[in-house]
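Numbering of the sequence shown is given in the numbering used here, commencing with residue 6 and proceeding in unit increments.
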Amino acid sequence: MLFKQNSQKVGTNILFIGLLTLLTSCNNSTALESFVAPDPQLTAKQVKSQQSSVSQTQTKDQTAQALELPSDFPASFPIYPDAKLQKVESGEAASGVITWNSPDNRQAIVNFYRKQLEASNWEITKPFNFNPQQSISTAIAIKNQQQVKLSLSKPTEDQNTKLSATYQSIETASKSNTQQVNKDNQPPETQVNNNVATSNGSFTDLNEVPDQLRQPLKSVAALGILTPYQGQNKTDVSKFAPNQVITRGEYANWLITANNRYYQDNSSKKIYLGSKNSQPAFSDVKANNPNFGAIQGLAETGLVPSALTEDSNNLLFRPDAPLTREDLVSWKVPLDTRSSLPQASIKALEESWGFQDAAEINSTALRALYADFQNGDRSNVRRIFGYTTIFQPKKPVTRAEAAVSLWYFGYQGDGITARELLNAK
């Protein structure tokens with residue numbers, strides 16, 4: 006009985022103490038909140054870490070956004086599929102330089118652009134002349150008054166091929182090229198000396214020429230009318246590079262220089278250089294172009310179609326583009342015949358020359374070729390290309406072939422050769 010009473014008292018006391026503790030806790034709730042609240046230092050670290058992560062993500066997004074192609078880059082220019090954009094440099098007046106890296110070899114990239122540029126209707130004015138030993142291989146294409154120069158650099162330590170596309174308007178490119186050429190070229194006095202050296206046979210690589218062209222080429226070189234080969238912004242006066250492709254601008258210069266050399270005593274057959282004060286016949290050949298006088302002279306005589314002949318399809322001359330076979334005969338044959346070209350048809354050319362690809366030749370070249378056929382063994386085609394049943398009108402002309410075209414001026418027995426001119430000195 007006494008044990009039960011004591012137990013009840015103990016239980017009552019425990020209950021009283023518990024209630025008192027609970028009431029005390031309610032009055033001091035901040036302590037309880039403090040006990041269950043998170044560690045403020047730990048929270049600050051977590052927030053800082055989250056902010057750093059967000060900042061890094063934003064930086065990556067901004068970098069990716071900065072490496073997007075600029076809006077003024079030609080939309081139709083094909084982009085190599087396995088290339089990673091590395092650098093974007095924008096210039097003034099819709100120009101800039103874009104750089105990519107690719108794990109693929111240069112030959113694969115060259116093959117891609119040869120096919121895709123043509124498929125995208127880009128005109129290749131300077132094709133890739135790919136050589137695995139070259140450190141840089143370059144091509145130039147134009148479309149809609151824009152020019153893109155594509156350069157492929159030899160892989161370095163990272164084994165990646167570097168692709169660089171320099172884009173700008175054709176007019177800007179023409180000015181830039183002219184300024185560079187003027188800077189690199191030697192002064193006129195030295196250029197005259199170079200011609201004298203050429204006439205003394207200082208070209209050291211003429212033995213690289215095919216046998217049938219070698220002797221005529223040496224005779225033309227001896228006249229001092231050919232210019233040394235200009236490579237990567239560097240001219241070696243002893244190098245002719247006979248198997249390299251010649252440009253339209255350089256051949257225009259050779260053609261007029263040769264014509265005036267052959268007829269130096271006959272002013273009625275000379276072609277006068279265009280004046281720098283003249284209105285340019287072509288929008289891409291300004292007065293400061295080194296070949297302006299020759300190109301303007303050909304236009305002003307009507308030997309090449311231009312704005313002066315009211316030919317709206319020939320507002321560009323494309324001086325840096327390769328000279329084609331149909332270009333060569335169209336410009337040279339009128340200086341042989343000294344008369345307007347005869348009318349000719351595809352059938353007439355097939356029956357005379359027997360060309361299987363006569364349908365691919367433009368109308369001016371058709372007429373020039375028909376007249377050239379009448380020149381017998383002194384015709385340009387026979388002297389340069391020998392016997393052939395396909396003309397390949399769009400095939401680029403080599404410097405050796407272009408030079409040999411200048412070995413003879415005349416028609417049907419009335420003319421003069423380079424050898425005869427040399428002997429007459």
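The beta-carbon is built from N, C-alpha and C at its ideal position, and this holds for glycine as well. Here the structure is a predicted model, which is why all the values come from computation and not from measurement.
Asked, Found
"Cβ-Cβ separation, Leu168 to Val115 (assumed contact under 8 angstroms), whole Å", "About 11 angstroms; that fails the 8 angstroms criterion."
"Beta-ladder partner(s) of Thr252, from DSSP", "Pro327"
"Length of the line joining the Cα atoms of Pro310 and Asp216", "35 angstroms"
"Contact belief for Val386 with Leu371 at Cβ below 8 angstroms, rounded distance in angstroms", "Going by Cβ atoms, the distance from Val386 to Leu371 rounds to 13 angstroms, so no, they are not a contact pair."
"Proximity of Ile366 and Pro398 at Cβ, strictly below 8 angstroms", "yes"
"Where Gln152 falls: helix, strand or coil (DSSP)", "strand"
"8 angstroms Cβ cutoff, Val250 in contact with chain B", "Considering every chain present, this structure includes no chain B. It has just one protein chain."
"C-alpha gap between Val250 and Pro327, whole angstroms", "6 angstroms"
"Status (buried if at least 16 other CB within 10 Å, exposed otherwise) for Asp87", "exposed"
"Whole-angstrom distance between Val409 and Thr329, CA atom to CA atom", "15 angstroms"
"Ile389 versus Glu94 - alpha carbon distance", "46 angstroms"
"contact_flag[the stretch 101 to 118, the stretch 219 to 229] where n(CB pairs < 8 angstroms) is 3 or more", "no"
"Counted within 10 angstroms of its Cβ, other Cβ atoms place Lys417 as buried (16 or more) or exposed", "A small correction: the amino acid at residue 417 is Gln; Lys does not occupy that position in the sequence shown. Burial call: exposed."
"N- and C-terminal bounds of the alpha helix (DSSP H) containing Gly381", "From DSSP, Gly381 is part of no alpha helix (DSSP H); its letter is neither H nor E."
"Segment limits, beta strand (DSSP E) that includes Phe245", "That residue, Phe245, is in no beta strand (DSSP E); it is neither H nor E in DSSP."
"Asn106 - DSSP class collapsed to helix/strand/coil", "strand"
"Chain-order list of residues whose beta-carbon lies under 8 angstroms from that of Leu211 (same chain, five-residue window excluded)", "Arg219, Leu222, Lys223, Ala226, Phe245, Pro247"
"Span of the beta strand (DSSP E), counted from its first residue to its last, around Asp419", "419 to 422"
"Beta-carbon spacing of Leu303, Trp259 below 8 angstroms", "no"
"Where the beta strand (DSSP E) through Lys399 begins and ends", "Where Lys399 is concerned, there is no enclosing beta strand (DSSP E), given that its DSSP letter is neither H nor E."
"Pick from Ser384, Pro324, Tyr413 that is closest to Ile300, judged by C-alpha positions", "Pro324"
"Cβ distance (whole Å) where Phe396 is taken to contact Leu340 below 8 angstroms", "Actually they are not in contact, since the Cβ atoms of Phe396 and Leu340 sit about 20 angstroms apart, beyond 8 angstroms."
"Collapsed DSSP secondary structure at Gln361 in the structure displayed", "coil"
"Distance, Leu313 Cα to Gly307 Cα", "8 angstroms"
"Spatial neighbours of Ser39 in its chain, beta-carbon cut-off 7 angstroms, leaving aside the 5 residues before and after", "At Ser39, the pLDDT of 46 sits below 50, so the modelled position is not reliable and the matter cannot be decided from this model."
"Nearest to Asn165 (by Cα), restricted to the options Ser280, Pro79, Asp362, Leu90", "Leu90"
"Classification of Gly391 by the beta-carbon crowding that lies within 10 angstroms, buried from 16 upward", "exposed"
"Cβ-based burial, Asn294 [other Cβ within 10 Å; buried from 16]", "buried"
"Exposure label - Ile261; buried when at least 16 CB within 10 Å", "buried"
"Neighbour-count burial assignment, Lys120, 16 or more Cβ in a 10 Å radius", "exposed"
"Cβ pair Ile145, Gln152 closer than 8 angstroms", "yes"
"Through-space distance from Phe322 to Pro347, alpha-carbon basis", "24 angstroms"
"Alpha-carbon to alpha-carbon, Gly279 and Glu305", "7 angstroms"
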